[in-house]
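**Student:** If you read the sequences in order, they're chains U and G. Under the UniProt record's numbering, the first sequence has 152 at position 152, and the numbering climbs by one with no breaks. Under the UniProt record's numbering, the second sequence has 166 at position 166, and the numbering climbs by one with no breaks. Glycine included, C-beta positions come from ideal geometry on N, C-alpha and C. Here it is, the structure in full.
Protein chains: 2
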Amino acid sequence: MKGQKLLITGAAGFTGRHAVHLFSAGGAEVTAVLRPPSIAGVLSSALFPEGVKVYHCDLSNRKAVAEMIKETTPEAVLHLAGNNSVPESWRNPLLYMETNVMATLYLLEAMRSLPASRILVVGSRLKFKPGVVAGPPHPYSLSKTIEELVSLAWGTLFKQPVLLAEPCNLIGPGPSTGFCSLLAQHIVRSEVHAGEEIPPFKLSSRHALRDFLDVRDAVRAYDLILREGINGTIYRIDSGTQRQLGDIAEQLISRSTTSVPMDWGPEQAARSILESGMAGDRLIPSDTSATPEENVSSLGWKPEIEFSQSLSDILEYCRANWEGRML
Amino acid sequence: MKGQKLLITGAAGFTGRHAVHLFSAGGAEVTAVLRPPSIAGVLSSALFPEGVKVYHCDLSNRKAVAEMIKETTPEAVLHLAGNNSVPESWRNPLLYMETNVMATLYLLEAMRSLPASRILVVGSRLKFKPGVVAGPPHPYSLSKTIEELVSLAWGTLFKQPVLLAEPCNLIGPGPSTGFCSLLAQHIVRSEVHAGEEIPPFKLSSRHALRDFLDVRDAVRAYDLILREGINGTIYRIDSGTQRQLGDIAEQLISRSTTSVPMDWGPEQAARSILESGMAGDRLIPSDTSATPEENVSSLGWKPEIEFSQSLSDILEYCRANWEGRML
């Protein structure tokens with residue numbers, strides 16, 4: 001993307017911060033899109049490398065999105081913004097349809113004025129297959145399913161260069177609310193309060209298998225997809241390795257300088273893959289869909305960061321940011 | 001629905017007017033939902049039988065929808081409102097997502113406060129099958145596809161009694177913009193301006209086959225579905241007879257009192273079923289979907305109004321309303 005004008009939405013988020021750094025380091029002219037000034041606004045100058053432009057936009061506001069595209073005329077868009085909490089989606093399902101579906105449509109519609117500019121929409125492995133299963137497991141799944149569907153449809157209807165990415169569970173240093181980061185925070189809390197009584201970290205399904213990938217590897221995949229992906233294709237991004245949550249917990253805890261209070265749950269834990277919001281990998285049967293689905297390895301991508309390195313970096317990030325709690 | 005509180009959205013529309021009359025005559029306590037005062041508001045007292053309540057609501061306004069449901073506490077909802085012009089959907093695709101998808105969601109979400117109340121959402125045969133075909137033929141198709149999908153999903157997620165209807169091409173007296181009504185208007189114009197030069201009615205595909213059903217028969221089906229349908233089911237409603245547009249034109253013209261200028265198009269017209277917005281019947285392959293799909297005949301419904309009667313009534317309506325042009 002060297003020399004190209006790239007817009008990154010959701011730039012203050014966990015993946016967004018890494019994306020801004022990687023694309024900026026690669027020579028792209030990055031505009032980081034943030035919500036209208038709030039905490040993110042205050043942080044913005046500290047968050048991003050020099051040369052990165054910051055643009056504040058409420059993506060749920062159709063006019064504001066159109067204005068942003070008119071002003072910034074990006075040659076490519078990495079659309080990371082959206083809401084992604086399964087529990088919150090139960091509490092406010094309409095919000096998820098507004099932020100994950102309509103906001104994406106406002107962006108796609110605005111981008112019709114720049115027909116050569118590519119748009120990479122980051123979907124979710126937690127989508128469901130309409131017509132194949134009776135319904136989504138939660139409103140978040142519904143919103144991401146519809147987001148992908150309308151993005152691909154806009155691409156088809158208006159001949160827009162739209163691409164989709166479906167990452168597995170992303171981990172790494174930064175403000176993540178995923179399993180590894182939550183456990184790392186618990187470890188640092190244990191270190192800070194060594195000798196004091198703190199409640200144990202509860203593992204609900206230590207035997208559950210997940211595919212974890214370093215967020216920096218995922219961002220490299222986004223870069224490759226934006227440069228070399230085939231329009232209208234869904235690219236799956238994963239490490240290819242399934243890991244048990246219990247094993248990961250043991251690896252993280254082995255890096256601790258103190259004892260970490262844990263509730264390991266029952267040895268024979270239920271293995272229901274639907275009980276957790278992170279368990280989407282196997283919701284979707286592989287099939288012969290009318291929409292091309294590829295593994296991003298088809299473009300020559302492979303993970304580069306060792307899993308153990310990711311864990312160390314997560315712990316390091318939590319320790320470094322503990323005082324300010326910028327997690 | 002005798003004695004039940006029924007809310008009918010889109011009540012000023014072609015199907016809506018017939019629905020208000022039928023349900024009101026059947027003893028339901030009908031509230032007719034119209035857009036905030038405009039022409040429809042002025043017409044409302046003349047449009048509906050005595051005893052029908054009129055409620056003005058912008059269904060694209062989430063708060064207004066919630067307020068309406070709170071005030072009217074319907075025991076059943078017939079959701080007919082929405083936009084349904086294929087050409088307009090190309091000009092303003094986002095409008096179609098807002099009115100056909102988000103407005104329906106606002107209604108479904110508001111109805112969660114009345115968990116026993118049934119909601120019949122009227123979908124379209126012009127939907128497409130995500131995953132089976134690459135994309136929708138037009139934004140209207142996309143919006144109706146997503147409307148059905150989210151309606152069924154809301155029913156599954158929140159255990160709401162949601163039902164779907166998919167009528168074929170509805171015809172009959174009233175303000176329709178369908179083929180039969182447009183041709184009938186042309187015939188009346190020819191009668192009124194007999195002896196003058198008026199441009200011919202152009203048939204673009206006289207050999208195209210369509211399934212037409214009288215709107216009053218469809219409304220009887222909606223009544224049956226609301227009373228006896230199985231929640232979460234899609235009910236197809238059709239006459240079962242495919243008719244050539246050219247034959248229909250000849251039948252209508254034979255009822256004219258004057259000569260009707262026609263451009264019949266080429267004898268060997270292209271039979272593309274995608275060229276017209278009314279041609280959805282065969283877009284959808286029958287399949288074994290996870291969502292139950294039934295013909296409404298499974299509930300004991302069958303059409304009662306002869307096709308020739310529908311044509312006569314359409315022509316009669318156009319003649320009676322020609323002066324005021326309330327078509």
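(1) Pull up the DSSP beta-bridge partners for M262 (chain G), would you.
(2) Which residues of chain U have a Cβ atom closer than 8 Å to the Cβ of G102 (chain G), listed in chain order?
(3) Can you tell me the Cα-Cα spacing of D223 (chain U) and E166 (chain U), whole angstroms?
(4) Give the single residue among U:R319, U:R118 and U:P292 whose Cα lies nearest to the Cα of A134 (chain G).
(5) Looking at C-alpha atoms only, which residue of U:V215, U:H186 and U:L226 is the closest neighbour of residue 330 (chain U)?
(6) Among residues of its own chain, excluding the 5 on either side of G13 (chain G), which ones have a beta-carbon nearer than 7 Å to its beta-carbon?
(7) Applying a beta-carbon distance threshold of less than 7 Å, which residues of chain U neighbour V133 (chain G)?
(8) Could you have a look at F212 (chain U) and say whether DSSP puts it in helix, strand or coil?
(9) Which residues bound the alpha helix (DSSP H) around P93 (chain U)?
(10) Let me confirm a value: S310 (chain G) is counted as buried when at least 16 other C-beta atoms fall within 10 Å, else exposed. Which label applies?
(11) For residue 393 (chain G), which residues of its own chain have a beta-carbon under 8 Å away from its beta-carbon, when the five flanking residues on both sides are left out?
(12) Are any of the Cβ atoms in chain G nearer than 8 Å to that of T9 (chain U)?
(13) In the DSSP output, which residue or residues are listed as bridge partners for R236 (chain G)?
(14) For a quick check, are the C-beta atoms of I171 (chain U) and I69 (chain U) less than 8 Å apart?
(15) Looking at chain U, is there any beta carbon in it that lies within less than 8 Å of the beta carbon of E109 (chain G)?
(16) If I follow the unbroken beta strand (DSSP E) through L120 (chain G), where does it start and stop?
(17) Here's the rule: buried if 16 or more other CB atoms are within 10 angstroms of the residue's CB, otherwise exposed. What is R17 (chain G)?
(18) Taking the beta strand (DSSP E) that W31 (chain U) falls in, what are its first and last residues?
(19) What does K5 (chain U) pair with, by DSSP beta-bridge criteria?
(20) Could you tell me whether the Cβ of I234 (chain U) comes closer than 8 Å to any Cβ of chain G?
(21) Using the beta-carbon of each residue, which ones in chain U are nearer than 7 Å to A153 (chain G)?
(22) Residues of the stretch 42-64 of chain G with a CB closer than 8 Å to any CB of chain U: list them in chain order, please.
(23) To which residues of the same chain is K144 (chain G) closer than 7 Å at the C-beta, ignoring the five residues directly before and after it?
(24) How many whole angstroms separate the CB atoms of L163 (chain G) and E148 (chain G), which I take to be in contact at a CB cut-off of 8 Å?
(25) Going along the chain, which unbroken runs of the beta strand (DSSP E) with 3 or more residues stay wholly within the stretch 43-87 of chain G?
(26) According to DSSP, is P130 (chain U) part of a helix, a strand, or is it coil?
(27) Let me check understanding here. Comparing Cα to Cα, which of G:P136, G:S204, G:G155 and G:E98 lies closest to R118 (chain G)?
(28) By the criterion of Cβ-Cβ separation under 8 Å, what are the contact partners of residue 329 (chain G) in chain U?
(29) Taking 8 Å as the threshold (beta carbon to beta carbon), is L164 (chain U) in contact with chain G?
(30) Distance, Cα to Cα, I248 (chain U) vs K5 (chain G)?
(31) Can you name, in chain order, every residue of its own chain whose Cβ lies under 6 Å from the Cβ of A218 (chain G), other than the five neighbours on each side?
(32) Please classify T233 (chain U) as buried or exposed, where buried requires at least 16 neighbouring CB atoms within 10 angstroms.
(33) Taking only beta-carbon positions, decide if L94 (chain G) is within less than 8 Å of chain U.
(34) Can you tell me where the alpha helix (DSSP H) holding Q185 (chain U) begins and where it ends?
(35) Give a yes or no on whether the minimum CB-CB distance between P87 (chain G) and chain U is below 8 Å.
(36) Give the secondary structure of I230 (chain G) by DSSP, where H, G and I count as helix, E and B as strand, and everything else as coil.
**Tutor:** Taking the geometry as given:
(1) The partner list for M262 (chain G) (beta bridge, DSSP) reads G:F201.
(2) One detail in the question is off: residue 102 (chain G) reads as Met in this sequence, not Gly. What M102 (chain G) touches in chain U: M97, E98 and M102.
(3) 14 Å
(4) U:P292
(5) Nothing in the structure corresponds to residue 330 (chain U), since chain U is present only between 1 and 327.
(6) L80
(7) A290
(8) strand
(9) P93 to Y96
(10) buried
(11) The first residue shown for chain G is 1 and the last is 327, placing residue 393 (chain G) beyond what the model contains.
(12) no
(13) G:E166 and G:N295
(14) no
(15) yes
(16) R118 to V122
(17) The residue in question, R17 (chain G), is buried, as its Cβ has 16 or more Cβ neighbours within 10 Å.
(18) In the sequence as displayed, the identity of residue 31 (chain U) is Thr instead of Trp. From DSSP, the beta strand (DSSP E) with T31 (chain U) extends over E29 to L34.
(19) In DSSP, K5 (chain U) forms a bridge with U:E29.
(20) no
(21) G135, P136 and L142
(22) Of all residues in the stretch 42-64 of chain G, R62 have a Cβ within less than 8 Å of some Cβ in chain U.
(23) N100, G123, S124, L126 and K127
(24) Between the beta-carbon of L163 (chain G) and that of E148 (chain G) there is about 11 Å, and that puts the pair past the 8 Å contact cut.
(25) 53-56 and 76-79
(26) strand
(27) G:G155
(28) Outside the displayed span of chain G (1 to 327) sits residue 329 (chain G), for which this structure offers no information.
(29) no
(30) Roughly 57 Å between the two C-alpha positions.
(31) P167, L170 and I237
(32) buried
(33) yes
(34) F179 to V192
(35) no
(36) coil
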